[in-house]
Amino acid sequence: AQHFGIENVLKSLGLLAENEGTSTGSQNFSSGELIHSYSPVDGKLIGSVRASTAADYEKAVSTAAEAFKTFRLMPAPQRGELVRQFGEKLRQKKDDLGKLVSYEMGKSLQEGLGEVQEMIDICDFAVGLSRQLHGLTMHSERPAHRMYEQYHPLGIVGIISAFNFPVAVWSWNTALAWVCGDVCVWKPSEKTPLCGVACQNIIAEVLAENNMPEGISCLISGDYTIGELLSKDKRVPLVSATGSTRMGKIVAATVAERLGRSLLELGGNNAIIVTPNADIKMTVIGAVFGAVGTAGQRCTSTRRLIIHESIYEQVKDAIVAAYAQLRIGNPLDQNNHVGPLIDTDAVKTYQHALEAVVAQGGKIIVPGGVLTGAGYESGCYVKPAIAEADNSFEIVQHETFAPILYLLKYSGSVEDAIEIQNGVAQGLSSAIMTTHLREAEQFLSAAGSDCGIANVNIGTSGAEIGGAFGGEKETGGGRESGSDAWKVYMRRQTNTINYSTSLPLAQGIKFDL
Ligand code: NAD
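When you line the sequence shown up against the numbering used here, it's residues 39 to 551, in that order.
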């Protein structure tokens with residue numbers, strides 16, 4: 039790995055200290071089996087992290103609970119100051135953390151750096167928010183009474199995250215949760231454990247410099263079994279889980295069983311509608327980046343292009359020509375467009391999907407395949423593929439986490455395209471390419487896209503932190519990041535204060551003693 043300068047990266051992020059990847063600076067809630075992290079970039083072992091045992095988990099949760107007792111009383115703008123300092127540290131570590139994300143997860147260096155920038159952005163957002171955790175005041179129906187609502191910290195926020203955004207998703211949750219006065223226990227994906235330790239080391243430094251208890255941010259490592267402890271735990275009022283719909287259904291049911299709160303960010307099956315009024319050049323860039331960026335492993339990756347029949351051949355030819363330009367290879371080399379899939383299991387899923395689309399009646403127009411030879415030793419590099427298909431195919435209805443793009447044809451009006459777009463179980467991101475006002479507004483109307491994200495003349499992927507992020511239907515309904523997403527991290531309390539000398543009852547009810 040030395041040729042990427044990864045040794046220096048690991049050192050700078052505190053990952054070369056003792057304890058197989060856990061720096062001496064931060065608390066260690068991991069004493070179990072080793073989890074080895076192999077890079078999909080070159081197949082080499084990057085490092086190992088110890089998994090958390092049930093006893094480690096107990097220690098983490100009780101440490102977090104203890105920290106909450108004091109943290110909830112700290113004024114929110116002071117909590118914001120901690121987040122500001124965290125954002126500053128991230129600025130200093132951006133290059134190193136971005137490289138680690140790229141090397142451990144496999145996304146391009148530009149996207150790795152972008153992910154860290156997203157962390158910085160959400161910190162900035164949260165700092166401002168720390169002075170704006172507003173509640174409303176209401177007029178009481180009773181004389182000399184005052185009514186208002188306030189938001190209090192919730193407690194321990196459990197965060198379960200996916201491999202594909204190994205650092206940003208955590209910060210979307212934590213930056214808001216911390217200004218809200220919550221403490222966090224994070225279980226990162228077992229496929230990207232080092233990114234988890236690196237982030238924990240950065241926040242641990244900030245907390246230590248401010249003499250704050252490290253229980254404000256706890257890291258637990260391991261697979262789904264350790265995640266299950268979080269969803270079952272009554273001491274964890276909110277579980278924020280990002281990952282597959284399969285996982286989300288289990289977590290939702292477990293958390294609901296104890297009437298806890300869950301925030302779910304699950305799979306997408308995102309489409310771009312291309313109308314006869316589309317700017318074709320913009321469409322091609324948006325669609326190709328959406329389909330092959332992060333090797334098709336974004337929750338917002340473009341999976342379906344719904345193209346009007348009148349321009350179908352033209353768009354198809356332009357996209358196929360663009361695919362011919364794609365360079366596949368080491369994502370740390372900025373000349374490449376497409377990096378590897380996360381592991382060889384993901385490669386098998388990709389291969390299966392390509393077989394399935396043909397078996398179900400589709401036609402491959404840009405063939406896929408697994409790359410071998412020099413530079414592709416990890417066995418995780420695949421060719422982005424395109425198939426002509428029908429929305430009703432079972433495989434098209436399914437989210438395959440790989441660079442496979444389905445071309446679907448529509449005839450008639452934009453309503454027909456919207457029906458196809460909405461005709462899947464997932465509801466995360468959607469887009470329309472059109473310069474026609476009526477089409478754009480129809481797409482955004484109540485009868486338009488049923489997704490949490492609906493874009494005009496932008497692809498499906500690449501959200502900004504200022505908006506609430508999330509989706510409907512099997513995407514889980516949760517919202518994170520901007521707008522008023524912070525409210526889920528707090529508990530709302532309605533307060534009525536009587537400053538009169540009598541006790542009038544609401545609704546004019548008489549009760550005399
Ligand atoms: P995954 O569901 O396999 O794993 C996600 C996380 O859940 C991991 O940390 C895993 O250990 C944990 N987990 C799995 N089963 C669990 C259980 N029963 N109880 C508790 N925890 C459990 O997903 P993945 O392969 O890491 O990520 C890809 C998926 O994530 C895709 O479906 C993608 O669309 C989705 N995703 C969604 C968003 C979003 O914001 N909507 C963002 C990123 C990824």
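Heads up, the beta-carbon is just placed ideally off N, CA and C, and yes, glycines get one too.
Figure out for me which residue from the options has the closest Cα to the Cα of residue i.
{"i": "D317", "options": "V353, N307, T283, A333", "result": "V353"}
{"i": "Q363", "options": "F106, V434, L138, I323", "result": "I323"}
{"i": "A391", "options": "R341, V526, N211", "result": "R341"}
{"i": "K447", "options": "P441, F439, L192, I456", "result": "I456"}
{"i": "V420", "options": "V99, V396, R365", "result": "R365"}
{"i": "H190", "options": "K548, Y537, T532", "result": "T532"}
{"i": "S90", "options": "T382, I73, G196", "result": "I73"}
{"i": "Y361", "options": "P441, E295, D381, Y350", "result": "P441"}
{"i": "Y141", "options": "D454, F203, H177", "result": "F203"}
{"i": "A484", "options": "G52, E453, I198", "result": "E453"}
{"i": "L48", "options": "N66, F67, L232", "result": "L232"}
{"i": "S75", "options": "I254, G490, V235", "result": "V235"}
Helix, strand or coil: which one does DSSP assign to residue i?
{"i": "Q123", "result": "helix"}
{"i": "K137", "result": "helix"}
{"i": "I44", "result": "helix"}
{"i": "Y444", "result": "strand"}
{"i": "P314", "result": "coil"}
{"i": "K225", "result": "strand"}
{"i": "S50", "result": "helix"}
{"i": "L83", "result": "strand"}
{"i": "S178", "result": "coil"}
{"i": "V99", "result": "helix"}
{"i": "Y186", "result": "strand"}
{"i": "E247", "result": "helix"}
{"i": "G520", "result": "coil"}
{"i": "R476", "result": "helix"}
{"i": "I73", "result": "strand"}
{"i": "S269", "result": "helix"}
{"i": "P115", "result": "helix"}
{"i": "T62", "result": "Because T62 carries a pLDDT of 41, less than 50, the predicted location of this residue cannot be relied on, and the following value inherits that uncertainty. Coil at T62, not helix or strand."}
{"i": "A200", "result": "coil"}
Shorter than 7 Å, the distance from the beta carbon of residue i to the closest heavy atom of the ligand NAD, or not?
{"i": "N211", "result": "no"}
{"i": "F203", "result": "yes"}
{"i": "C337", "result": "yes"}
{"i": "Y388", "result": "no"}
{"i": "V526", "result": "no"}
{"i": "G281", "result": "yes"}
{"i": "T513", "result": "yes"}
{"i": "Y262", "result": "yes"}
{"i": "M185", "result": "no"}
{"i": "L214", "result": "no"}
{"i": "L466", "result": "yes"}
{"i": "V79", "result": "no"}
Does the distance from the CB of residue i to the CB of residue j come in under 8 Å?
{"i": "G298", "j": "G514", "result": "no"}
{"i": "I311", "j": "I357", "result": "no"}
{"i": "V99", "j": "A213", "result": "no"}
{"i": "A329", "j": "L147", "result": "no"}
{"i": "I470", "j": "E477", "result": "yes"}
{"i": "E512", "j": "T280", "result": "no"}
{"i": "A501", "j": "T292", "result": "no"}
{"i": "G331", "j": "Q464", "result": "no"}
{"i": "C237", "j": "V277", "result": "no"}
{"i": "E1", "j": "S269", "result": "Past the boundaries of the shown model lies residue 1; the chain is included only from 39 to 551, so the question cannot be answered."}
{"i": "G79", "j": "P378", "result": "Before going further, note that residue 79 is Val rather than Gly in the sequence given. Yes, the Cβ-Cβ distance between V79 and P378 is below 8 Å."}
{"i": "E518", "j": "N307", "result": "no"}
{"i": "G27", "j": "E303", "result": "In this structure the chain extends from 39 to 551, so residue 27 is not present and cannot be described."}
{"i": "G81", "j": "S416", "result": "yes"}
{"i": "A553", "j": "V217", "result": "For the chain, the structure presents residues 39 to 551; residue 553 sits outside this window and is missing."}
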